[in-house]
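So the structure is just underneath, and the comments pick up after that.
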Amino acid sequence: MAALVLFGGGGDLAMRMLLPSLYFLEHDGLLPDDLKIIGAARSDESREEYVEKVRAAVEGKAKADSAWSAGAWARMEARLDYLPVDATSADSLKPLKEKCGDGAVTSFLAVSPSLYARIVTAMKEAGLAERNCRVVLEKPVGRDLKSFREIDDAVGQAFREDQVFRIDHYLGKETVQNLIALRFGNTVFEPLWNNLSIDHVQITIGETVGVGDRWPYYDEYGALRDMLQNHMLQLLCLVAMEPPSDLDPDSVRNEKVKVLRSLRPITHEEAERVTVRGQYVAGQSEGKPVKGYDEERGQDSDTETFVAIRADIDNWRWAGVPFFMRTGKRLPEKRTEIVIQFKPLP
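Just so you know, the numbering used here puts 114 at position 16 of the sequence shown, and the rest follows in order with no gaps.
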């Protein structure tokens, strides 16, 4: 038997994204027959209560996509289990290890990144980091360089590198995956993909939703750390990178790193000129009254829910071409787009 453990199994990421996605895989017959899905969280609830929460999270999305099937749900329900745990305690995780059995175990940390280091340390002590185990870390991995290094060191002490999967789920979107094909499989664009033909690039990720109940996480990270330094920089790299020698993950990653190293650092003096931070207030969204961020949080905060930035890439291809990135919540419309603005014909 193989096991998929969802730490934070009752949280926003698990209920809004992971479990519905697992249901769609179940519906399409793509889950292994012997896979068990175990939710692990602090909430002291029964398996039956957890299953009902999962069904409520899954059913609406499945029906919206005309993919709800009693048979598929019955198969997924049979896979589901739940265990209340303190994921930072090795003693608390030992019953989870027993529930997983001796098969392969993949643990997805759908929790605050501030808990990553303590959780992987406890996992190692509890036997959940053995050779047949894997761990998945969702972005952002830390909130700055110091915390990233602390997390990365803890992960490295618990797991081998080939057991660790650092995930940016935005890269799984079909349009994002098609960017490489658009760029390098299209002979029309490649000769024009440079500063001789392109005036500027705009990357926009706009959301109509607010932060809501996610504010304990969001208030620590804000729009810049939550969206720009991962999702949006990944999109920038896909637009700006040189053709990789191969389309294997290592070759693509190496070209992305070259772009990141070519980004012009922003000094404190320049920050006011090339960046904008904002926060939504109470008003109307999609015709309905909504609270402002401070009202959702219950007290004043200077955490940004909108950020815009100008980035410059100092290399031969992009010198002089500004990249404008912007993202925010409670914007007038939901939009994810990359605009390549070509220069006018002479």
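A virtual CB, placed ideally from N, CA and C, is assigned to each residue, including glycine.
Throw me the rounded Cβ distance for the residue i and residue j pair, which I believe falls under 8 Å.
{"i": "residue 422", "j": "residue 300", "result": "5 Å"}
{"i": "residue 293", "j": "residue 418", "result": "5 Å"}
{"i": "residue 402", "j": "residue 321", "result": "5 Å"}
{"i": "residue 431", "j": "residue 304", "result": "6 Å"}
{"i": "residue 236", "j": "residue 207", "result": "7 Å"}
Is the beta carbon of residue i sitting closer than 8 Å to the one on residue j?
{"i": "residue 185", "j": "residue 217", "result": "yes"}
{"i": "residue 249", "j": "residue 211", "result": "yes"}
{"i": "residue 138", "j": "residue 104", "result": "yes"}
{"i": "residue 271", "j": "residue 224", "result": "no"}
{"i": "residue 377", "j": "residue 391", "result": "yes"}
{"i": "residue 356", "j": "residue 330", "result": "no"}
{"i": "residue 273", "j": "residue 429", "result": "no"}
{"i": "residue 407", "j": "residue 337", "result": "no"}
{"i": "residue 341", "j": "residue 282", "result": "yes"}
{"i": "residue 134", "j": "residue 177", "result": "yes"}
{"i": "residue 182", "j": "residue 142", "result": "yes"}
{"i": "residue 425", "j": "residue 405", "result": "yes"}
{"i": "residue 180", "j": "residue 109", "result": "no"}
{"i": "residue 296", "j": "residue 441", "result": "yes"}
{"i": "residue 308", "j": "residue 374", "result": "no"}
{"i": "residue 298", "j": "residue 420", "result": "yes"}
So, for residue i: in the same chain, excluding its five sequence neighbours on each side, which residues have a beta-carbon less than 6 Å away from its beta-carbon?
{"i": "residue 198", "result": "101"}
Helix, strand or coil: which one does DSSP assign to residue i?
{"i": "residue 304", "result": "strand"}
{"i": "residue 376", "result": "strand"}
{"i": "residue 195", "result": "helix"}
{"i": "residue 271", "result": "coil"}
{"i": "residue 174", "result": "helix"}
{"i": "residue 278", "result": "helix"}
{"i": "residue 345", "result": "coil"}
{"i": "residue 364", "result": "coil"}
{"i": "residue 289", "result": "helix"}
{"i": "residue 384", "result": "coil"}
{"i": "residue 443", "result": "coil"}
Apart from the five residues just before and just after residue i, which ones in its own chain have a Cβ nearer than 7 Å to its Cβ?
{"i": "residue 220", "result": "185, 186, 187, 188 and 191"}
{"i": "residue 156", "result": "117, 118 and 121"}
{"i": "residue 360", "result": "411, 412 and 413"}
{"i": "residue 353", "result": "339, 340 and 342"}
{"i": "residue 312", "result": "110"}
{"i": "residue 317", "result": "395, 399 and 401"}
{"i": "residue 132", "result": "99 and 100"}
Which same chain residues end up closer than 8 Å to residue i when comparing Cβ atoms and leaving out the 5 residues on each side of it in sequence?
{"i": "residue 238", "result": "211, 319, 323, 324, 327 and 328"}
{"i": "residue 130", "result": "100"}
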